[in-house]
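Positions in the sequence shown are counted from 1; adding 4 to them yields our numbering. Quick reminder that beta carbons are idealized off the backbone N, C-alpha and C, glycines included. Working notes, structure below.
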Amino acid sequence: MSSLSCRSTPLISRLRRLHDDHVSPSPSDALSAADGNGLSAVSVRAGADTPPNRAVAAQPTGRLPVLRPYQAEAVEAIVRGAASAGRGQVIAACGTGKTLVAAHAATRVCARGLVVIACPSLALVGQTLRVWRPVGAHTMAVCSDDTVADVAGYVDVLSCPVMTDVDDITAWLRRAPADQMRLLAVTNASANRVGAALRAAGMTADLLIIDEAHRTAGVAGRLYGRVHDDAVLPARVRLNMTATPRIVTSRPGQEGVDVLSMDDPQVFGPVWHRYPFGRAIGEGWLDDFRVVVIGVTSRDALTSLQAADGTGVTAVGDAPLRTAVVQTALLRAAREFGLRRVLVFTTRVGDSREFARTLGRTASLLPAEHRPVGRLTTGHVDGQQTLAQRQINLDHLADPPDDGWTVISSVRALGEGVDVPAVDAIVLTRPMRSPVQVVQTVGRALRRNPAGTGTATILVPLLLPDDPAQLPHADDEWETVLQVLWAMRAHDETLAADLDIRHRDAHTSHDTRQPRLPERVLLRMPEGYLTDTLLRHVTVRILDHADPHRLVARPSSAWATGIAAARAFHEREGHLDAPRFHREGDFDLGGFIHYCRGRYRSRQLTPDQVRTLEDLGINWRVHDSRWQRHLAAFAAFHRREGHLRVPRDHREGDIQLGNLSHNLRRQRKLGRVPADRIAALDAMGFPWTLHPPRRHHTTHTNPAARPPTPPTTAQHTPRGRTR
């Protein structure tokens, strides 16, 4: 069956019962004008027992929450824009109520018209429908075949039919009453079906609202971008809404490839209204934020890990070690800043589950005076969970049990656009894919938290080298810190101005004063890691990274200086894989090359700039380039020693070959080493399995010493005790 109502399939019936048993809201969950997003938890049963091919009663008309001043400005801007242009944008910070703004604007632009809302996911479709309930529109949801089984997990099936078939959608359009607003909430993936139904019914949408519009930017012709094409989905007015506009250019050498970029008014329209993070924070509608960098040495993390379960982990690349570092940093931050509601973002679902499972054990190893106060509740959220499972974790996040503190880990299920309870902190465990993803993730923490301090914490754990002198050169470890600052400065004028002033002072001051980071950037390092010399070195490099003028948007003296430095490095080293923080004289060459690669990936280098860098031998795929250097180091060791039984602490030039060997063995067991790399090492006789005597010295596993694993859920933890 291609069309769903509440009783159309056994699946929907089962999930309806699940919905009633676990997540039915109480009458006290009334629509509140104090909620910036206008979210309502009131369950509406209109159409619950009506087949999808019959008219469905409109959702009850209520009152949309009263707009805040900045939201009223946005609505007026949309009304003016819609009267004079067919396309436009509203760019507003995460958590400032864009969905509510769209609902109010629709009642002004087309109170009795046909409105289509396109969302990137089913979760957002369901969330949007809850906000729009008081409008009283005649409503239907549309999704694609491959997501229809997930409908009941995200869309309140008690309020409107959910369809996938073009004929059913067409029939609904023809029978919908013309004397009230008609609303289609659809996923981007189903836009072509909605468009086909509109054409079959001889209709054009009066208003098409494209939520999270940055998700539709990219190479033209891709599925999500079709919502901008009138031939696919006809609409009189298109409203693009996002917090993070995405600018896309053609990749060098592929200038003929069409792209959809949010700076193209022909596709996305002009910006009708803008409400940036800095203004929202300044006016008190969003919490302020601080970026807290907490360093944990590999020695301390290994000690903690081995004390917990006698593990044989000994290398910085091991996943358990990374988890221990993040957990230790989080526990310290929670104690210092009084964190009670925390979201942790990992890169893999397995890492997220493991983080939630073992955090209590790590906490139990800390001295009592260093532990956060109160009972710890942990949880993990992923896209495969039911609505009820997810809601249990979110309820614990909103109201930590026993007046304790709650930590919920996730990969992307709680990412952009999805409303989550207000939190005190987010933890970024690894670099993210793009500045857009960073800002969307940070936005989870900036939503006003009535129970908080008014300042959200963006926690970035740092795995420190055991030698403090190597701190500025721990390239991969600084990646997330720099990415957060760079992404946020683009959306917060106050932070940008602060960074610029401090960067200028750091390079123009003629006295011996220590350069300073913005007050919103805090470094917490062990003793010996922030001497005056190291602090100055780290501070200047962070400020240099955050300086936009060193980027190569166009030929300039900075570009010429960067190329001269790159040429000097290449002539001396024979390659252009400079470490991230490498300085060639006074020039930040590592940062220059890193951002040249980034701008190449985002198609923002000119063809001349690409040719210049390629003439110097730049490798755009830095991981492949590093592997070639690693392979050359193995070959050099083999030529000299006649084998590849590399001692654990051996360095070959600037490469830690012993650690690299250990990591390769572990990664192959996990199936993560490409076949061509295995073959290259096999050709030199690389020992994938060490003999027992050597293994005895390489790992230190004592299963008998492992303590019992404590409970990992709040329900099994004694009351009043921190796990």
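With distances taken Cα to Cα, identify the nearest neighbour of Val-544 among Glu-575, Met-529, Arg-587 and Asp-183.
Arg-587
Report buried or exposed for Arg-230, applying the criterion of at least 16 other Cβ atoms within 10 angstroms of its Cβ.
Buried is the call here.
Val-241 and Val-113: beta carbons closer than 8 Å?
yes
With C-beta atoms as the reference, is Asp-548 less than 8 Å away from His-598?
no
Name, in chain order, the residues that DSSP records as bridge partners for Gln-393.
Gln-393 pairs with nothing; no bridge assigned.
Over what stretch of residues does the beta strand (DSSP E) that includes Gln-93 continue unbroken?
91 to 96
Closer than 7 Å: is that where the CB of Gly-566 sits relative to any heavy atom of the ligand ATP?
The ligand content of the structure shown is nil, which means the ligand ATP is not present either.
Among all the DSSP beta bridges, which residues are the ones paired with His-277?
Val-94
Please tell me whether Ser-302 and Leu-467 are closer than 8 Å, where the distance is taken between their beta carbons.
Taking 8 Å as the Cβ cut-off, Ser-302 and Leu-467 qualify as a contacting pair.
Roughly how many angstroms separate the alpha carbons of Gln-75 and Trp-289, rounded to a whole number?
11 Å
Within the continuous alpha helix (DSSP H) that includes His-511, where are the two ends?
Counting along the chain, the unbroken alpha helix (DSSP H) around His-511 starts and ends at 497 to 512.
Give every residue of the same chain whose Cβ lies closer than 8 Å to the Cβ of Pro-519, excluding the five residues on either side of it in the sequence, and list them in chain order.
Arg-506, Asp-509, Ala-510, Ser-513, Arg-540, Thr-543, Val-544 and Leu-547
Where does Phe-349 sit, in a helix, a strand or coil, going by DSSP?
strand
Starting from Ala-78, trace the alpha helix (DSSP H) in both directions and tell me its first and last residue.
73 to 88
What three-state label does DSSP hand Leu-521 in the structure shown?
coil
Closer than 8 Å by C-beta to Arg-116: which residues in its own chain qualify, once you throw out the five before and the five after it? Chain order, please.
Contacts found: Ala-182, Asp-183, Gln-184 and Met-185.
Quick one: is Val-135 buried, meaning 16 or more other Cβ sit within 10 Å of its Cβ, or exposed?
buried
Output the boundary residues of the beta strand (DSSP E) element that contains His-232.
Under the DSSP assignment, His-232 falls outside any beta strand (DSSP E); it carries neither an H nor an E label.
Between which two residues does the alpha helix (DSSP H) harbouring Val-198 extend?
195 to 205
Assuming Pro-249 and His-218 form a contact by the criterion Cβ under 8 Å, report the distance between their Cβ atoms to the nearest whole angstrom.
6 Å
What is the DSSP secondary structure of Met-185, counted as helix, strand or coil?
coil
Quick one, are the C-beta atoms of Arg-672 and Ile-682 less than 8 Å apart?
Yes, they are a contact pair.
N-terminal and C-terminal residue of the beta strand (DSSP E) that Pro-172 is part of
Residue 172 is actually Asp in this sequence, not Pro. Looking at the DSSP string, Asp-172 is not in any beta strand (DSSP E); the run it does join, the alpha helix (DSSP H), is 170 to 179.
Three or more C-beta pairs below 8 Å linking the region 431 to 449 and the region 370 to 381:
Segments in contact, no.
contact_flag[the region 190 to 209, the region 118 to 137] where n(CB pairs < 8 Å) is 3 or more
yes
Report the three-state DSSP secondary structure of Thr-410 (helix, strand or coil).
strand
Take the Cβ of Arg-525 as the centre, count every other Cβ of all protein chains shown within 10 Å, and call the residue buried at 16 or more, exposed below.
For the sequence presented, residue 525 should be read as Val rather than Arg. Val-525 comes out buried.
Coil, strand or helix - Ala-284 by DSSP:
helix
Residues sharing a beta bridge with Arg-294, DSSP:
In the DSSP output, where bridge partners are listed per residue, Arg-294 has Thr-461.
For Gly-602 and Thr-484, the rounded distance between their alpha carbons:
It is roughly 14 Å from the alpha-carbon of Thr-484 to the alpha-carbon of Gly-602.
Using 10 angstroms around the beta-carbon of Ser-665, count the other beta-carbons present and answer buried if the total reaches 16, otherwise exposed.
Ser-665 should be labelled buried.
Cut-off 7 Å between Cβ atoms - residues of its own chain near Thr-208, not counting five sequence neighbours on either side:
Leu-202, Pro-238, Ala-239 and Arg-240
Around the C-beta of Ser-414, are 16 or more other C-beta atoms found within 10 angstroms, so that it is buried, or is it exposed?
Ser-414 should be labelled buried.
Determine the direct distance from the alpha carbon of Val-296 to that of Pro-469, and round the result to whole angstroms.
19 Å
Quick check: what's the CA-CA separation for Trp-176 versus Ala-402?
39 Å
On the DSSP bridge list, what partners appear for Val-567?
It is Ile, not Val, that sits at residue 567 in the sequence shown. For Ile-567, which the question treats as bridged, DSSP gives no partner whatsoever.
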